[in-house]
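Undergrad: Dropping a structure here in structure tokens format, bear with me for questions.
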Amino acid sequence: DDDQKYLKLLELLGIYQPQGSVIVFVDKQEHCDELMKNLLRNSYPCMSLHGGIDQYDRDSTMVDFKRGDMPLMIATSVAARGLDVKDLILVVNYDCPNHYEDYVHRCGRTGR
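Per UniProt numbering, the sequence shown runs over residues 1 to 112.
Shown next as structure tokens:
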């Protein structure tokens with residue numbers, strides 16, 4: 001159930017976000033923007049990152065996230081490759097990836 005999934009995400013964010021950066025992966029651009037809006041409504045400052053955002057804004061989002069200026073990012077797999085964030089403490093696969101390789105790259109964003 002989507003409502004229960006969202007409530008569980010809020011619970012996890014309440015526990016882990018104060019400790020460091022969190023990235024939440026979703027499967028589609030629309031889900032990315034929708035989840036970001038819902039989290040903002042629930043007082044969780046965050047930003048989205050997906051292929052529908054122009055390159056300049058994606059780069060700016062990445063810089064803010066890596067610096068810790070915005071410690072919560074909602075992203076599609078476009079963000080998984082090449083992302084290295086020192087204080088990343090939690091990776092959430094909110095939507096399961098379609099390919100094994102995407103799962104490996106998503107989970108590999110932490111503990112490096």
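C-beta: ideal position from N, C-alpha, C; glycine also.
(1) Output the distance between the C-alpha atoms of Leu39 and Pro45, rounded to the nearest integer angstrom.
(2) Evaluate Val63 with the Cβ neighbour count: other Cβ atoms within 10 Å of its Cβ, from every protein chain shown; 16 or more gives buried, anything less gives exposed.
(3) Looking at the strands, I want to know which residues DSSP matches up with Val22.
(4) Assuming the contact rule is C-beta atoms closer than 8 Å, Gln19 and Ile89 should be a hit. Round their C-beta distance to whole Å, please.
(5) With a threshold of 8 Å on Cβ separation, who are the neighbours of Asp95 within its own chain once the five nearest residues in sequence on each side are excluded?
(6) Helix, strand or coil: how does DSSP classify Leu39 here?
(7) Would you kindly work out how many angstroms separate the C-alpha atoms of Asn98 and Val78, rounded to a whole number?
(8) Mapping the DSSP letters down to three states, classify Leu83 as helix, strand or coil.
TA: Taking the structure as given:
(1) Numbered from 1 along the sequence shown, position 39 holds the residue referred to as residue 39. Numbered from 1 along the sequence shown, position 45 holds the residue referred to as residue 45. Spanning the two alpha carbons is a distance of roughly 7 Å.
(2) In the sequence shown, counting from the first residue as 1, residue 63 sits at position 63. Exposed, because fewer than 16 other Cβ atoms sit within 10 Å of the Cβ of Val63.
(3) Within the sequence shown, residue 22 is the residue found at index 22, counting from 1. BP columns for Val22 point to Leu72 and Leu90.
(4) As a position in the sequence shown, residue 19 is number 19, starting the count at 1. As a position in the sequence shown, residue 89 is number 89, starting the count at 1. Indeed they touch by this definition, with Cβ atoms about 5 Å apart.
(5) The sequence position of residue 95 within the sequence shown is 95, counting from 1. Closer than 8 Å at Cβ, skipping near neighbours: Phe25, Val26, Asp27, Lys28 and His31.
(6) The residue you call residue 39 lines up with position 39 of the sequence shown. Leu39 falls in the helix class under three-state DSSP.
(7) On the sequence shown, residue 98 is found 98 positions in, with the first residue counted as 1. On the sequence shown, residue 78 is found 78 positions in, with the first residue counted as 1. Rounded to the nearest angstrom, the two C-alpha atoms are 13 Å apart.
(8) Counting from 1 along the sequence shown, the entry for residue 83 is found at position 83. The answer is coil: DSSP assigns Leu83 none of H, G, I, E or B.
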